[in-house]
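2 protein chains.
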Amino acid sequence: MMITSAANPSIRQIRVLRQRKERERSGHFFVEGVRLVGEAVALGMVETLVVAPELLTSPFGQDLVAQQAGHTRMIEVSAEVFASISQKEGPQGLAAVARQRWVNLADVRLTNAPGWVALLEPADPGNLGTILRTADAVGASGVMLLDHATDPYDPAALRASMGAIFALQVVRATFAEFAAWKRAQGIFLVGAADKAPTHYQDLVYPQPLVLLMGSERQGLSPDQQALCDQMVHLPMCGRSDSLNLAVATGVLLYELLSQSRRAVLHA
Amino acid sequence: MMITSAANPSIRQIRVLRQRKERERSGHFFVEGVRLVGEAVALGMVETLVVAPELLTSPFGQDLVAQQAGHTRMIEVSAEVFASISQKEGPQGLAAVARQRWVNLADVRLTNAPGWVALLEPADPGNLGTILRTADAVGASGVMLLDHATDPYDPAALRASMGAIFALQVVRATFAEFAAWKRAQGIFLVGAADKAPTHYQDLVYPQPLVLLMGSERQGLSPDQQALCDQMVHLPMCGRSDSLNLAVATGVLLYELLSQSRRAVLHA
């Protein structure tokens, strides 16, 4: 039976997933668009598919719904109801409630470049999503969110990540847990700070490593820098004394990727 | 006399500057925060200072107001009225209406690396602001906005730019005007596209040059690519086949900066 009221309890339950506390409580998140929903289905993360037949014109989306019939819980909604839960212009008529997926720090296996990025209290979901997108593009294994980080399942983070969250392992831990893990595993940690003496291209990055980035406002504290085996800086020669966090992380990840490429070329 | 009503015509006139068409019509924009207002004052761009004495606790801001008394038009407002025009959490009690500043393409003088960035129809003001911030950080001269670009004086762009707009020259032109200028001046143009055969680090970037970036959605069309003397790509090895525009531009600008640094080191 098609749901035609935006006040329907199932629809309300989806709408509250815009709030972080409801996402935390349920362990769920809301995702929309045929491509992203398709990826969530392929990963076995989908709890409920939400379909608005009037809006779903994509053949890929229609096939997906047909394949999942009988396998995945599905609710049909009117175009108006879909619009009430969608945060997109031009909604595609396919969305899902999916289960969040987190990796435990203890289960992390370090791989070679570009490895892992650890973010200390990133505050802006758009930045976090953009970093996930870049980490995916360079072939990183995952992202660690330390202390009070913004939520990668926030709609703005999901949007900016372009679905990279489905390709990456994401870890949540306190900085203390991270520090204990780093020491126990003997992991090489590189941090970034604008006052660090070493130019980011003057370091030969050992493998495997973890790249540690501070928050947008605070950067890394002296204690956090002390945990790093090496600190690097990005040069700045204008009026500005800082970069956007996602841009700084992107430049460093591309340097890691470039160095591993040169190592292969010269091998 | 202090303005205590948010409905006051002067206050309304400021509030409408949130709309692009009102910014275009007036040639003005709204800027807040003691640091940014201070920069706008120093550049002679301020039309009217807006001061909320109850909120203005910064000694720098208080000095600025005292210095400008009698030189710059000033309106005093209550904390409530200030909050009605502010888009910041924790407003600082100092804002300004300032005049936009644009440079004509004909007046552009090319300088050495990292030179200029030309953006074709960037759509997201946050991306544009972030690119301005990065361009400033690497010491670029300016940014050219081609065809239907988002507004660098949009509040979201100003916020993301962290005031870089005050340090950079910004040009508006059509792609046709830009193409004619490039041909007439014999400027070396490097474009970015994910299918370009050349790895972005395999090109020795000649100086001076202009870096051309396509829009978030479309990238560069074949015609636009044909105008470029060289096309480069950023490698991607994950699930994702694209990068955030501001990240891609940042990685390329840092490559330009790095190459000019290596040229100096090896000179």
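Residue numbers (numbering that gives the first Met the number 0), protein chains in the order written: chain Z, 0 to 266; chain R, 0 to 266.
Using N, Cα and C, we set each Cβ at its ideal position, and we do this for glycine too.
_Cβ pair valine 170 of chain R, leucine 104 of chain R closer than 9 angstroms_ = yes
*Name, please, each residue of chain Z whose Cβ falls closer than 7 angstroms to the Cβ of valine 246 of chain R.*
Thr129, Thr133, Ala245, Val246, Gly249
_Stretch-stretch touch, CB-based, cutoff 8 angstroms, three pairs: the region 154–172 of chain Z with the region 88–101 of chain Z_ = yes
*contact_flag[the region 256–265 of chain Z, the region 207–221 of chain Z] where n(CB pairs < 8 angstroms) is 3 or more*: no
*Amino acids of chain R, ordered along the chain, whose beta-carbon sits closer than 8 angstroms to that of glycine 125 of chain Z*: Gly125
*Would the beta-carbon of valine 76 of chain Z fall within 9 angstroms of that of methionine 1 of chain Z?*
yes
*Assuming proline 90 of chain R contacts alanine 82 of chain R (C-beta within less than 8 angstroms), just tell me the rounded distance between them.*
6 angstroms
_I want to verify the contact list: residues of chain R whose CB lies under 7 angstroms from the CB of leucine 256 of chain Z, in sequence order._
Pro234
*asked:* For alanine 5 of chain R, which residues in the same chain have their Cβ closer than 6 angstroms to its Cβ, ignoring the five residues on either side in sequence?
replied: Val80, Ser83
*Start and end of the alpha helix (DSSP H) containing threonine 47 of chain R?*
From DSSP, threonine 47 of chain R is part of no alpha helix (DSSP H) but of the beta strand (DSSP E) over 45–50.
_Against arginine 238 of chain R, what residues of chain Z qualify as contacts under a CB-to-CB distance less than 8 angstroms, listed in chain order?_
Asp135, Gly162, Ala163, Phe165, Ala166
*In terms of residues, what are the limits of the alpha helix (DSSP H) holding leucine 252 of chain Z?*
244–264
*Exposed or buried, what is arginine 22 of chain Z when buried is set at 16 or more other beta-carbons lying within 10 Å of its beta-carbon?*
buried
*So, do the region 12–22 of chain Z and the region 130–147 of chain Z have three or more beta carbon pairs nearer to each other than 8 angstroms?*
no
*Could you give the distance in angstroms between the alpha-carbon of glycine 69 of chain R and the alpha-carbon of valine 189 of chain Z?*
53 angstroms
*With 9 angstroms as the threshold, decide whether the Cβ of threonine 197 of chain R is near any Cβ in chain B.*
Note that chain B does not occur in the displayed structure, where the protein chains are Z and R.
*Go through its chain and collect everything with a Cβ distance to leucine 16 of chain R's Cβ below 8 angstroms, but skip five positions before and after it.*
Arg22, Ser25, His27, Phe28, Phe29, Val96
*Provide the residue(s) that pair with serine 214 of chain Z in DSSP beta bridges, ordered along the chain.*
Z/Gly218
*asked:* I'd like to know if glutamine 301 of chain Z contacts chain R, where contact means its C-beta is closer than 9 angstroms to some C-beta of that chain.
replied: Outside the displayed range of chain Z (0 to 266) lies residue 301 of chain Z, so it cannot be described from this structure.
*asked:* By the DSSP assignment, the beta strand (DSSP E) with phenylalanine 29 of chain Z in it spans what residues?
replied: 27–31
*Kindly identify the DSSP beta-bridge partner or partners of leucine 104 of chain Z.*
Answer by DSSP bridge pairing: none, since leucine 104 of chain Z is not bridged.
_Interface flag, serine 269 of chain Z vs chain R, CB-CB below 9 angstroms_ = Chain Z is shown only over 0 to 266; residue 269 of chain Z falls outside these bounds and no answer can be derived.
*Which of helix, strand or coil does DSSP assign to alanine 94 of chain Z?*
strand
*Contact check, proline 151 of chain R vs glycine 114 of chain R, beta carbons under 9 angstroms*: no
*According to DSSP, which residues form a beta bridge with tryptophan 115 of chain Z?*
Z/Gly141, Z/Val209
*Relative to chain Z, which residues along the region 19–47 of chain R have a C-beta separation below 9 angstroms, given in chain order?*
Glu38
*State the beta-bridge partners of glycine 190 of chain R as determined by DSSP.*
R/Leu211, R/Met230
*Could you give the distance in angstroms between the alpha-carbon of serine 140 of chain R and the alpha-carbon of alanine 183 of chain Z?*
48 angstroms
*Straight-line CA distance for lysine 87 of chain R to leucine 242 of chain R?*
29 angstroms
_Per DSSP, the bridge partner or partners of threonine 197 of chain R_ = R/Val231
*Measuring CA to CA, which of R/Gly92, R/Pro8, R/Glu254 is closest to leucine 48 of chain R?*
R/Gly92
*Can you tell me the Cα-Cα spacing of threonine 197 of chain R and proline 234 of chain R, whole angstroms?*
10 angstroms
*Enclosing beta strand (DSSP E) for arginine 287 of chain R [first to last residue]*: No answer is possible for residue 287 of chain R: the residues shown for chain R start at 0 and end at 266.
*asked:* Helix, strand or coil for glutamate 176 of chain Z? Go by DSSP, reduced to three states.
replied: helix
*Contact check, threonine 248 of chain R vs leucine 118 of chain R, beta carbons under 9 angstroms*: yes
*Report, in whole angstroms, the separation of the C-beta atoms of valine 39 of chain R and valine 45 of chain R, which I expect to be a contact under 8 angstroms.*
For clarity, residue 39 of chain R is alanine in the given sequence; the question names valine instead. 5 angstroms between Cβ atoms; contact.
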